[in-house]
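Residue numbers (this note's numbering): 8 to 171. Beta carbons: idealized from backbone N, C-alpha and C, even for Gly. Since the model is a prediction, treat every value here as computed from it, not as a measurement.
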């Protein structure tokens, strides 16, 4: 486990995305099907910003208060764009508002992510001086991302607000 994970805390500007979305749960995880539908159509998206791919998760308000693996959430396979004007058929757009994020560097297989997420939400967050904000969570897969490789690296953006 990566208990040594220390995030950097940054205010991230508004970001616009175009992609495909699907409702799922931890129990009924269809992430691979979502990406298999998205990747062959990637070049249909105009006005891209950078080379990064984004896995975006939008959770219901009580998701983390009463966590149950059966609870459904919305997941996106997306890319950042300058404008969301014209969308390819079947695609949607989403905007992540400007806000504070804890940015964690994650290295490893997707199957190891639940252990890291448990650490972030059960250990780090309660002691951090921050609270979880109800904005999209972003997994950023950049140049060091290697699908299903233990040396793969990505960044996890957890939306925060300061505790009052």
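Residues near residue i in its chain [Cβ-Cβ closer than 8 Å; skip 5 each side]
{"i": "residue 80", "result": "30, 31, 32, 64, 65, 66, 67, 70"}
{"i": "residue 144", "result": "63, 64, 65, 66, 163, 164, 165, 166"}
Per-residue DSSP class, three states only, for residue i
{"i": "residue 110", "result": "strand"}
{"i": "residue 124", "result": "helix"}
{"i": "residue 9", "result": "Note that residue 9 scores a pLDDT of 49, beneath 50, so its modelled location is shaky and nothing firm can be said."}
{"i": "residue 43", "result": "helix"}
{"i": "residue 132", "result": "helix"}
{"i": "residue 49", "result": "helix"}
{"i": "residue 157", "result": "coil"}
{"i": "residue 166", "result": "strand"}
Beta carbon of residue i nearer than 9 Å to that of residue j
{"i": "residue 172", "j": "residue 110", "result": "As displayed, the chain neither begins before 8 nor continues past 171, which places residue 172 out of reach and without an answer."}
{"i": "residue 16", "j": "residue 167", "result": "yes"}
{"i": "residue 105", "j": "residue 21", "result": "yes"}
{"i": "residue 152", "j": "residue 94", "result": "no"}
{"i": "residue 103", "j": "residue 142", "result": "yes"}
{"i": "residue 91", "j": "residue 45", "result": "no"}
Same chain, Cβ closer than 7 Å to residue i, neighbours up to 5 away in sequence not counted
{"i": "residue 56", "result": "87, 88, 89"}
{"i": "residue 41", "result": "27, 29, 82, 84"}
Same chain, Cβ closer than 6 Å to residue i, neighbours up to 5 away in sequence not counted
{"i": "residue 9", "result": "Reliability of the predicted coordinates at residue 9 is poor, the pLDDT of 49 falling under 50, and no value is obtained from them."}
Original post:
Are the segment 144-161 and the segment 112-122 touching by the rule of at least three beta carbon pairs closer than 8 Å?
Top reply: Judged by Cβ distances under 8 Å, the segment 144-161 makes contact with the segment 112-122, as three or more pairs qualify.
Item to check | Length-filtered (3 minimum) beta strand (DSSP E) runs lying within the segment 58-114 | outcome: The segment 58-114 contains these whole beta strand (DSSP E) runs: 60-65, 80-88, 99-103, 106-114.
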